[in-house]
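Protein chains in written order, with this note's numbering: chain S, 28 to 415; chain Z, 2 to 266.
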């Protein structure tokens, strides 16, 4: 079925089609229409799930973890401050190996108040043990939500589906909605296997672990995050096999012969496709590399895409104060493995903070600035700041 | 001084919908402050998030627009740091009773000298009409298309039980009463909680077919009565208005200063 959906509706369809069994919800702009759509779906009998209205995001994630321990497929959605309030619970979810799926609509942190797009909220959850999957368009949002359950449940690790505020959340696109039966074929009913609250086989969850077993359990999370790279690739293949749409953790566009590669995530990648095409029309050898997964960080694929290139321009719609753009930092640390001859120079650009636009013009300017420069500045360049 | 002189008109037009009750509460809070003769610089208005929480932007006092649910925690910091200031905390029902419920009961328990004005419109307005912990049982919100099965807080009973030393309820229909109650609450030394029933015709009203803002205000006129009135005895379903509790009890910041003084000899 083809339907015009906003990004938030696409998330709700993704969760509903995945046969989610428990949804816990608290409103926050710009996420609210996800949980409202799910409430309508439940009321209309489209989805057969329990819907818990909680008193805060902290409780929403706690309820999801509890439900997941009970052996059912669980989902919630949030944004910005809501995700920050969940932070304690996010660590708990991965530690407890509960495959909760969360949709986060990227929103800039306060103060001052801002409701617009900025990745600092989700990227700040880097160490929480969540798989992070970023989306470029609404079809990808719907498909990624379905895939997130499969990835999370295979690994017993929680997964976050991430979409830009307003650019996706409140913008409509024609979307191919998969058939519920076909989704069930791809993603069968959740089987919690041996870890769940089974009255016939009682378990203790979250008991104290002395240092040695604690360290072993943490090592298992790290081991499984490494395995996650191949699991995600398999799930992408499997999804393409079922639905004909293929996704990649790292995707090149007009990248092979490019002299300068622009690195983008989220909706900036779709703008960059247009920018790169425009630059090609001007006779430039411009290319794009889009990164979809942040955790686990797809180092090998990135090296594969960038090895031997001269210059890359990373556009970060986020920043870590005192340490620059977050994707750029990650990229630099991965590229350290390459020899001096093979390693491209990494130019970092901070753009689109707090919902500022990253336009085709912005990306073209970044391209030319990078092309004309002999070496990167010591600190990432802020693009579009009015008063410096 | 006229109420308009307390407003930051550069932030206008304000964001409240036509017919919203919150502007009435803002006007009356200003009138209460004016009647008490407080200087602008002696007053701090602290809010969290929601329609109610836009108020500090519009009023010309010290103003803090803080995190969802945390207004009372921020306000406690302000009061302990600068006990000579008058600290007023306008909150919505979602802000005060859901995500901030814990701070509400603990501020009440400590009896710290803050004035919480809970602007109860029975809905999360800013995010578009989700039901709150003060939405009456069975009423509808976007997150409860078939009506909520949650029971609502009686915030007056909650504040009393938690230890507030001044507890009152009024409505946006009863404007003169509201001014008097807010003035008494601000003057009271200790934790004051004033619930003001405030109409949200856009979301709560529309979802529950309650008519226009005027209809909703008329329902406050007809559906409430003064505490202990004869009418209440005859119609027990009526909601009581007025001051439920006003007691002198040791105030937290004063007790703290006394303790510091004592321990320093």
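Note that the Cβ used here is the ideal one computed from N, Cα and C, for glycine as well.
CB contact below 8 Å: residue i versus chain Z
i	result
residue 108 (chain S)	yes
residue 134 (chain S)	no
residue 61 (chain S)	no
residue 80 (chain S)	yes
residue 406 (chain S)	no
residue 389 (chain S)	no
residue 70 (chain S)	yes
residue 94 (chain S)	no
residue 143 (chain S)	no
residue 137 (chain S)	yes
residue 52 (chain S)	yes
residue 23 (chain S)	In the structure displayed, chain S extends from 28 to 415; residue 23 (chain S) sits before or after that span and is not available.
residue 33 (chain S)	no
residue 196 (chain S)	no
residue 140 (chain S)	yes
residue 147 (chain S)	no
residue 56 (chain S)	yes
Residue i to residue j span [Cα, whole Å]
i	j	result
residue 40 (chain S)	residue 203 (chain S)	11 Å
residue 49 (chain Z)	residue 392 (chain S)	40 Å
residue 230 (chain S)	residue 110 (chain S)	29 Å
residue 234 (chain Z)	residue 243 (chain Z)	16 Å
residue 352 (chain S)	residue 404 (chain S)	13 Å
residue 267 (chain S)	residue 276 (chain S)	14 Å
residue 81 (chain S)	residue 241 (chain S)	31 Å
residue 12 (chain S)	residue 51 (chain Z)	The shown model of chain S, from 28 to 415, leaves out residue 12 (chain S), and the question about it has no answer.
residue 108 (chain S)	residue 231 (chain Z)	48 Å
residue 102 (chain S)	residue 87 (chain S)	9 Å
residue 248 (chain Z)	residue 186 (chain Z)	11 Å
residue 303 (chain S)	residue 163 (chain S)	16 Å
residue 70 (chain Z)	residue 116 (chain S)	18 Å
residue 368 (chain S)	residue 339 (chain S)	14 Å
residue 235 (chain S)	residue 202 (chain Z)	51 Å
residue 176 (chain S)	residue 156 (chain S)	15 Å
residue 153 (chain Z)	residue 289 (chain S)	53 Å
residue 239 (chain S)	residue 247 (chain S)	13 Å
residue 11 (chain Z)	residue 301 (chain S)	40 Å
residue 42 (chain S)	residue 178 (chain S)	14 Å
residue 394 (chain S)	residue 313 (chain S)	8 Å
Interface flag, residue i vs chain S, CB-CB below 8 Å
i	result
residue 15 (chain Z)	no
residue 257 (chain Z)	no
residue 68 (chain Z)	yes
residue 155 (chain Z)	no
residue 132 (chain Z)	yes
residue 102 (chain Z)	yes
residue 151 (chain Z)	yes
residue 99 (chain Z)	yes
residue 82 (chain Z)	no
residue 204 (chain Z)	no
residue 129 (chain Z)	yes
residue 125 (chain Z)	yes
residue 172 (chain Z)	no
residue 143 (chain Z)	yes
Bridge partners - residue i, DSSP secondary structure assignment
i	result
residue 196 (chain Z)	Z:119 and Z:170
residue 161 (chain S)	S:189
residue 102 (chain S)	S:50 and S:128
residue 373 (chain S)	S:339
residue 78 (chain S)	S:50
Close beta carbons around residue i, own chain, < 8 Å, minus the five adjacent residues each side
i	result
residue 161 (chain Z)	168, 245 and 246
residue 210 (chain S)	44, 45, 46 and 173
residue 221 (chain Z)	172, 173, 174, 175, 198 and 200
residue 208 (chain Z)	124, 130, 140, 141, 142 and 143
Same chain, Cβ closer than 6 Å to residue i, neighbours up to 5 away in sequence not counted
i	result
residue 30 (chain Z)	183
residue 50 (chain S)	65, 76, 78 and 102
residue 163 (chain Z)	106, 109 and 110
Assumed close pair residue i, residue j - CB separation to whole angstroms, cut-off 8 Å
i	j	result
residue 151 (chain S)	residue 112 (chain S)	With a Cβ gap of about 12 Å, residue 151 (chain S) and residue 112 (chain S) do not count as contacting.
residue 23 (chain Z)	residue 120 (chain Z)	6 Å
residue 88 (chain Z)	residue 115 (chain Z)	5 Å
residue 329 (chain S)	residue 291 (chain S)	Residue 329 (chain S) to residue 291 (chain S), Cβ: 13 Å. No contact.
residue 128 (chain S)	residue 168 (chain S)	The Cβ separation is near 13 Å, so there is no contact.
residue 73 (chain Z)	residue 37 (chain Z)	With 8 Å as the limit, residue 73 (chain Z) and residue 37 (chain Z) do not qualify as a contact, their Cβ atoms being about 21 Å apart.
residue 103 (chain Z)	residue 166 (chain Z)	Going by Cβ atoms, the distance from residue 103 (chain Z) to residue 166 (chain Z) rounds to 19 Å, so no, they are not a contact pair.
residue 316 (chain S)	residue 279 (chain S)	5 Å
Where residue i meets chain B, residues with beta-carbon distance less than 7 Å
i	result
residue 67 (chain S)	Structure shown: chain B not included; protein chains present are S and Z.
Contacting residues, own chain, Cβ-Cβ under 7 Å from residue i (five flanking each side not counted)
i	result
residue 32 (chain Z)	4 and 180
residue 254 (chain Z)	80, 81, 84, 113 and 114
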